[in-house]
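In the order they appear, the protein sequences are chains A and B. Position 147 (the first sequence) corresponds to 147 in the UniProt record's numbering; numbering is contiguous. Position 114 (the second sequence) corresponds to 114 in the UniProt record's numbering; numbering is contiguous. Just below is one structure, and these are the notes that go with it.
2 protein chains.
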Amino acid sequence: MGERIPNWLLQRSHISPNKPALIFEDQVWTFQEMKDIVQDLQAKLASSLKEQDRRAAILMKNHPKMVWLIHALQQLGIEAVFLNHRLTTTELGFQLQDSQTNLLFYDETLAEMANKLREENPQLRIYTTTQYESFPNQQLEIRDEYDLAATCSIMYTSGTTGKPKGVQQTYGNHWWSAIGSSLNLGLQEKDSWLCAVPLFHISGLSILMRSVIYGMPVYLMEQFDEEKANSLLQSGQITIMSVVTAMLSRMLETLGMKTYHSSFRCLLLGGGPAPLPLLEKCVEKGIPIFQTYGMTETASQIATLSPEDAFKKLGSAGKALFPAQIRIIDENNREAAPNQPGEIQLKGPNITSGYLARPEANQVAFEQGWFKTGDIGYMDEEGFLYVLDRRSDLIISGGENIYPAEIEEVLLGHDAIIEAGVTGIKDEKWGQVPYAFIAARNSVSEAELMQFCRTHLAAYKVPKKIIQVEALPRNAANKLLRRKLLEYLEQEKQS
Amino acid sequence: MGERIPNWLLQRSHISPNKPALIFEDQVWTFQEMKDIVQDLQAKLASSLKEQDRRAAILMKNHPKMVWLIHALQQLGIEAVFLNHRLTTTELGFQLQDSQTNLLFYDETLAEMANKLREENPQLRIYTTTQYESFPNQQLEIRDEYDLAATCSIMYTSGTTGKPKGVQQTYGNHWWSAIGSSLNLGLQEKDSWLCAVPLFHISGLSILMRSVIYGMPVYLMEQFDEEKANSLLQSGQITIMSVVTAMLSRMLETLGMKTYHSSFRCLLLGGGPAPLPLLEKCVEKGIPIFQTYGMTETASQIATLSPEDAFKKLGSAGKALFPAQIRIIDENNREAAPNQPGEIQLKGPNITSGYLARPEANQVAFEQGWFKTGDIGYMDEEGFLYVLDRRSDLIISGGENIYPAEIEEVLLGHDAIIEAGVTGIKDEKWGQVPYAFIAARNSVSEAELMQFCRTHLAAYKVPKKIIQVEALPRNAANKLLRRKLLEYLEQEKQS
Chain A
1 MGERIPNWLL QRSHISPNKP ALIFEDQVWT FQEMKDIVQD LQAKLASSLK EQDRRAAILM
61 KNHPKMVWLI HALQQLGIEA VFLNHRLTTT ELGFQLQDSQ TNLLFYDETL AEMANKLREE
121 NPQLRIYTTT QYESFPNQQL EIRDEYDLAA TCSIMYTSGT TGKPKGVQQT YGNHWWSAIG
181 SSLNLGLQEK DSWLCAVPLF HISGLSILMR SVIYGMPVYL MEQFDEEKAN SLLQSGQITI
241 MSVVTAMLSR MLETLGMKTY HSSFRCLLLG GGPAPLPLLE KCVEKGIPIF QTYGMTETAS
301 QIATLSPEDA FKKLGSAGKA LFPAQIRIID ENNREAAPNQ PGEIQLKGPN ITSGYLARPE
361 ANQVAFEQGW FKTGDIGYMD EEGFLYVLDR RSDLIISGGE NIYPAEIEEV LLGHDAIIEA
421 GVTGIKDEKW GQVPYAFIAA RNSVSEAELM QFCRTHLAAY KVPKKIIQVE ALPRNAANKL
481 LRRKLLEYLE QEKQS
Chain B
1 MGERIPNWLL QRSHISPNKP ALIFEDQVWT FQEMKDIVQD LQAKLASSLK EQDRRAAILM
61 KNHPKMVWLI HALQQLGIEA VFLNHRLTTT ELGFQLQDSQ TNLLFYDETL AEMANKLREE
121 NPQLRIYTTT QYESFPNQQL EIRDEYDLAA TCSIMYTSGT TGKPKGVQQT YGNHWWSAIG
181 SSLNLGLQEK DSWLCAVPLF HISGLSILMR SVIYGMPVYL MEQFDEEKAN SLLQSGQITI
241 MSVVTAMLSR MLETLGMKTY HSSFRCLLLG GGPAPLPLLE KCVEKGIPIF QTYGMTETAS
301 QIATLSPEDA FKKLGSAGKA LFPAQIRIID ENNREAAPNQ PGEIQLKGPN ITSGYLARPE
361 ANQVAFEQGW FKTGDIGYMD EEGFLYVLDR RSDLIISGGE NIYPAEIEEV LLGHDAIIEA
421 GVTGIKDEKW GQVPYAFIAA RNSVSEAELM QFCRTHLAAY KVPKKIIQVE ALPRNAANKL
481 LRRKLLEYLE QEKQS
């Protein structure tokens, strides 16, 4: 009963052998060609596997080689741990250790990071693309089917407290996410999806999964470039593109008075709340914008607003996709009335099977099949979702999630610091940026703390400002009240 | 993991309340309106239910009231037993008894049949539409979700031997069938499906299920009418239509030199092998014909040929739908080489959970997850399926399946008959018609036997000819060789 489906790469190359699968710069690969490359790669990778290998990490930038690797690991039944190369080696080292991953594939441009990770973890075997491409081919049994309940990919996210957690995305999560999206956006013979978001994010990976499930070409960009993106959207080759707010702003700025080709039918806007003026500008220009709500734990979108409602429901993330359900739970643990805010809770077959090896976090996050996002929102009378706040304390900066707890933990690692609190401040360019507030036991300069953060945190997570205070706001239970940090900032301005 | 999905009627009316769901003659109902009618009906039907009722039979002609009833039974979690009103009351009586169904809903035009069924089965409670619509409303709990493994509908088919069997179609079978079809045919905002096939067949019921899963209007015809169908296909209102060969022939004949609207994108041709001249005519006229292969046990299509291959692969039923698999097994129980015929075996989440209360038949029909169709076919080098013969002895007449065993059993019930064999003979109008061969112990006229058949069999199943022979052809194991019956006919012609 739907617990297994055909190996989707083989099935797709069987059904649509000659359809383009991937376009990168001036090169095109059909599904048949992609399958052949992947099967060859899979046979090579098999030589590098030890019996106890259950996972392999991918440290790469968007590139066809990354696409082949993702599919080859699926063919081998190896779970892929996606590493964000913007993180520091300390952060990535934790992810490798936490997921007990001893095998890592990387591309040449990230050799320095890979080598550093190996230095810190002597058990780690690392191979660059040129290395693994020269491995001998090993005879392999072909997997006819995928088990929908098996883990396919792992991506790390952080919560309100504690260390980052590995989100397990099953084959079923990706399958149902793709199906839910198609039931909402439709599926057309001429569809092609522009992927200018990182493949190590669910926003990028989900495009690859849709490609093979739908039989749809993906235009892959190594990194986002607003001029290239605009020119593709004007060419008529692209029908759908995924963006975050910061990308959209830059695209509109460069676009000027022009607009996109009439066959471009969907600009899927995710990764955090969008400012109204930006949405209004799209509506004015007739750009078919679809606001969405989703996260790593939902394997991409779980709610999407369609353009026919875009103007009427500006600011809403739309309704649940067909296989999914959304409810709002108030402080009394009851379903909230329309327009009453509460915690957004989600249900559906696209939702993660759980955090890797975190029984306690899973117990907190799941309740009778519902996933508790921690995000705050409400539904109007017609059932349109409005997201007020991504997790009470989540900071979204240029589409990247920043978790205050993570920065606080780094700051607390500094000898001089007694307590630390981080919150997001509105920023015109990035949407939000992190500000830190600290109480120190002895004198320490902001510059020194900044330098300390840079060695432990990805650049985009380093606080833009570190403000010294007497003590941090806490409630009776001594829990840090991050929202109150903003008041300190107001006081500072006034003084 | 995909074992439950939202109650699809409620979810659809939540997501697309104002989209048209059903069009019948000059009336239109949106999904919201349909949901309201169904919820009211469901509350009324609940009053007629006894605790032990697990199933209810539907004896109706295509009509919105039948659509409401189908959805209302799903809301109530009652399995619907679909009765083909072209059958005799003897045949239907068997189906009711076999499925232990004691509740039957019918429309006024079929009152005579319903009353007769009740006469023969005093336990049966029968209600016509006007009766059940006046039942009091009973307060009900709403089913938020459907269990994909639960049986939704039951339709009877016959095998090569024995009594007809009830095919159980689960919610998951319908769901995956709809999804598999959409991944192949695509899904467009403007889609609408013309249903001129009976809702008591899987060809019709599957359109209703797609409608609610896709959010797509269905144009329902009470009965097929080639002129009405042609005019709808010329109007631009319809994008997809399901037909069987006999319907298509009549439509093309009436169409003359004209063709269909450019927005009409798919003529789905199922229900048995199609004659090549008919396919060629469609290709010539630019009619987007999609040959398919499917059956009650696969909850509609499992393979479909797309128009871009229609000419190149004329006569093929195409490739498996994405979630499904097809293999050809030869006489040595090994997978057949390309172009070598063998039994068509199928796998996928759209395949029946099994025949109702037939453990032996299920054991014969299923092997390690594969469903053995008994149909003969081959796959070419590219994996295109060619169906040579629907079950070695299945007769398809005007899109209706006729099982020789069923007719033989009736004939054997006549005092004069010692043995009986039935086979299909080519017929210009119906594709095939059944001919019977009998050996009699005492003299009996063809007319008398015809009359006897008419009282026990649907009109279309009554043999067009009953031919008396000395003895029937049998193999060493005394098994009837139905194919050899044709030789008798040749001999008769020659003599």
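Glycine residues also receive a C-beta, built at the ideal position from the N, C-alpha and C atoms. All of these numbers come straight from a predicted model, not from anything done at the bench.
Taking C-alpha atoms, which residue in the options lies nearest to residue i?
i, options, result
"A:L394", "A:T373, A:H414, A:E382 and A:E381", "A:T373"
"B:T90", "B:E406, B:A150 and B:H71", "B:E406"
"B:P136", "B:L103, B:Q42, B:L194 and B:K116", "B:Q42"
"B:T352", "B:L183, B:I202 and B:K19", "B:I202"
"A:W193", "A:E145, A:F82 and A:Y219", "A:Y219"
"B:N184", "B:S249, B:H414, B:T292 and B:F322", "B:F322"
"B:D415", "B:I402, B:L449, B:E222 and B:I23", "B:L449"
"B:I402", "B:R334, B:D375, B:A357 and B:Y460", "B:Y460"
"B:M216", "B:F200, B:D309, B:A229 and B:D191", "B:D191"
"A:Q52", "A:H71, A:K312 and A:G77", "A:G77"
"B:L199", "B:V283, B:P288 and B:A299", "B:A299"
"B:F366", "B:E280, B:L346, B:K165 and B:D375", "B:L346"
"A:R474", "A:Q468, A:R483 and A:G354", "A:R483"
Taking the alpha-carbon positions, what's the residue i to residue j distance?
i, j, result
"B:L385", "B:E189", "31 Å"
"residue 496 of chain B", "B:V410", "Nothing in the structure corresponds to residue 496 of chain B, since chain B is present only between 1 and 495."
"B:S306", "B:L412", "44 Å"
"A:D144", "B:Q368", "14 Å"
"B:Q32", "B:E400", "35 Å"
"A:N7", "B:A178", "20 Å"
"A:A361", "A:S249", "36 Å"
"B:L472", "B:Y127", "46 Å"
"B:Q139", "A:E335", "22 Å"
"B:F452", "B:K465", "13 Å"
"B:L148", "B:L356", "17 Å"
"A:A274", "A:Q432", "11 Å"
"B:N173", "B:V197", "20 Å"
How far does the alpha helix (DSSP H) with residue i in it reach, from first residue to last?
i, result
"A:E343", "It is not in any alpha helix (DSSP H) - A:E343 instead sits in the beta strand (DSSP E) that spans G342 to K347."
"A:K228", "E226 to S235"
"A:A111", "A111 to E120"
"B:S249", "T245 to L255"
"B:L481", "First-last for B:L481: undefined, no H or E at that position."
"residue 514 of chain A", "Because residue 514 of chain A is not part of the residues shown, which for chain A are 1 to 495, the question remains open."
"A:L194", "Taken as a continuous stretch (DSSP letters only), A:L194 belongs to no alpha helix (DSSP H), being part of the beta strand (DSSP E) at W193 to C195."
"A:S211", "I202 to Y214"
"B:R12", "W8 to I15"
"A:P473", "Counting along the chain, A:P473 falls outside any alpha helix (DSSP H), and DSSP gives it neither H nor E."
Tell me whether the beta-carbon of residue i lies closer than 8 Å to the beta-carbon of residue j.
i, j, result
"B:E408", "B:G421", "yes"
"A:T88", "A:D107", "no"
"A:H14", "B:G383", "yes"
"B:L268", "B:T292", "yes"
"A:K61", "A:E297", "no"
"B:K181", "B:R210", "Inspection of the sequence shows that residue 181 of chain B is occupied by Ser rather than by Lys. A contact, by the Cβ cut-off of 8 Å."
"A:Y146", "A:I37", "no"
"A:G315", "A:D309", "no"
"B:V244", "B:G286", "no"
"A:G398", "A:A246", "yes"
Along the chain, where does the beta strand (DSSP E) containing residue i start, and where does it finish?
i, result
"B:R327", "Q325 to I329"
"A:L220", "V218 to L220"
If contact means a Cβ-Cβ distance below 7 Å, which residues of the region 316 to 343 of chain A contact chain B?
-> So the close ones are K319, F322, P323 and Q325.
With 7 Å as the limit, tell me which residues of the region 302 to 317 of chain B have their beta carbon closer than that to any beta carbon of chain A; keep them in chain order.
-> Residues passing the 7 Å Cβ filter: none.
Can you give me, in chain order, the residues of the region 7 to 26 of chain A that have a beta carbon less than 7 Å from any beta carbon in chain B?
-> Under the 7 Å Cβ criterion, the region 7 to 26 of chain A contributes Q11, H14 and I15.
Name the residues in the region 355 to 384 of chain A whose C-beta lies less than 9 Å from a C-beta of chain B; which are they?
-> So the close ones are G369, E382 and G383.
Can you give me, in chain order, the residues of the region 181 to 207 of chain B that have a beta carbon less than 7 Å from any beta carbon in chain A?
-> Those residues of the region 181 to 207 of chain B that come within reach of chain A (Cβ to Cβ, closer than 7 Å) are S182, L183, G186, L187, Q188 and E189.
If contact means a Cβ-Cβ distance below 9 Å, which residues of the region 211 to 236 of chain B contact chain A?
-> Answer set for the region 211 to 236 of chain B: I213, Y214 and G215.
Contact set between the region 282 to 296 of chain A and chain B, restricted to residues whose Cβ is under 7 Å from the partner | Going along the region 282 to 296 of chain A in chain order, one finds no residue with a Cβ nearer than 7 Å to chain B.
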